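Sequential numbering of the sequence shown, starting at 215, is according to our numbering. Glycine included, every Cβ here is placed at the ideal spot set by N, Cα and C. Since the structure is predicted, the reported quantities are computational estimates derived from the model, not experimental observations. Here is the structure we will look at, set down as structure tokens.
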Amino acid sequence: LRNMSNNGVAVSCAPLQIYQGDMANTLSLIWKLILRFDYTAKSLNGWIEAQKHIWAQQQQNPGAHQQTAMAPGQPAPQMPPPVEPRPPPPQPPQAQPTPAPAPPSVAPAPPHPGGTLVVKVLDGKDLKNKQIVGKMSPYVNVQCGTQKVRTNACKNGGTAPHWDQDFRFNIAPHLGMIEIEGMDQDGIGSDDSIGIARVSLADAITNGQADVWVPIYGRKSNRPHGQIRLRLNFVPAGGAQAQPQQPSAPPPQAAPPPPGPPA
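In structure tokens form, the structure reads like this:
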């Protein structure tokens, strides 16, 4: 600037003074911001320390009322008193389920040497209907020892079907009963059980034959679900069919003595 002034060039110093003034204001503003940030940081630090102290007190005494940070002079909120749990209302007495009736016992069969048993499945009546719409198509499973067979399904036979089918079994000695089960053939899904029963062979073994209406019972309910008619014929081993027992004849009476000669 001095050289420029010596060369006859007039230079004004006003811009330099303005620049120096702006720098002073800028530095002053920066210093104020630094002080304000330091004050804010200290205040934030103080609030964090107060919250830590409150949390530590709550951990040491869990039953104390919870305190919250608030502005000075603001009253602490009142916590409601603890509510005691009410006892549950008394339950009405539950009705005891009625036990299902037991199916009738099977009469024991007399001892026998084994032989051939012919089972003819004839009819059914009053069978429990397993269909909601339409009629049932019932059939019968027959099990004799380990042998198991079934009749054809009586198409739309409903509650009074007719089969008229016979089956031959070789039965072991002392086998005294067979098992039958009425079924409903279902076109969709598994077949439904109508009822089940055990059939004593006592009459067939003793008399050689028997014609019986057998009551069948529900598998779970043990309640009557209708009847199935069977005809049984038994031939013991050796081929001699058992004969019906006849009542024994009374012993013959002694003949009166002949009349003597006249006196």
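Using the beta-carbon count (16 or more within 10 Å), is residue i buried or exposed?
i      : result
Trp269 : exposed
Met293 : exposed
Asp340 : exposed
Leu243 : exposed
Ser414 : buried
Ile346 : exposed
Asp425 : exposed
Gln280 : Any reading at Gln280 must be qualified, since the residue scores a pLDDT of 48, below 50, and its modelled position is unreliable; no value is offered.
Ile262 : exposed
Val297 : exposed
Ser435 : exposed
Ile248 : exposed
Pro401 : In the sequence as presented, Pro is not what sits at residue 401; that position holds Gly. So Gly401 counts as exposed.
Ala411 : buried
His388 : exposed
Asp398 : buried
Leu241 : exposed
Leu331 : buried
Pro352 : buried
His439 : buried
His326 : buried
Asn444 : Residue identity check: residue 444 is Leu in the sequence provided, not Asn. It counts as buried.
Gln441 : buried
Leu258 : exposed
Lys344 : buried
Gly403 : exposed
Gly396 : buried
Gly260 : exposed
Rounded to whole angstroms, how far is the Cβ of residue i from the Cβ of residue j, which I believe are closer than 8 Å?
i      : j      : result
Lys342 : Gly409 : 7 Å
Met391 : Ala323 : 7 Å
Gln379 : Thr365 : 5 Å
Ala451 : Gly348 : 47 Å between Cβ atoms; not a contact.
Phe448 : Gly422 : 6 Å
Three-state secondary structure (DSSP) at residue i?
i      : result
Lys344 : coil
Asn370 : coil
Glu298 : coil
Ser414 : strand
Pro436 : Per the sequence presented here, residue 436 reads as Asn, with Pro not at that position. DSSP places Asn436 in coil when its eight states are reduced to three.
Thr365 : coil
Ile402 : coil
Gly390 : coil
Gln308 : coil
His267 : helix
Pro273 : It is worth fixing the name first, because residue 273 is Gln in this sequence and not Pro. Helix at Gln273.
Gly409 : strand
Leu243 : helix
Ala456 : Unreliable positioning characterises Ala456 in this predicted model, as indicated by a pLDDT of 48, which lies under 50. The coordinate reading is nonetheless provided below. Three-state result, Ala456: coil.
Run through the DSSP bridge pairs and tell me what residue i is partnered with.
i      : result
Leu444 : Val335, Val426
Gln379 : Val335
Asn355 : Arg364, Glu395
Ile385 : Gly329
Val449 : Thr330
Pairing CB atoms from the region 416 to 424 with CB atoms from the region 374 to 384, are three or more of them under 8 Å?
no
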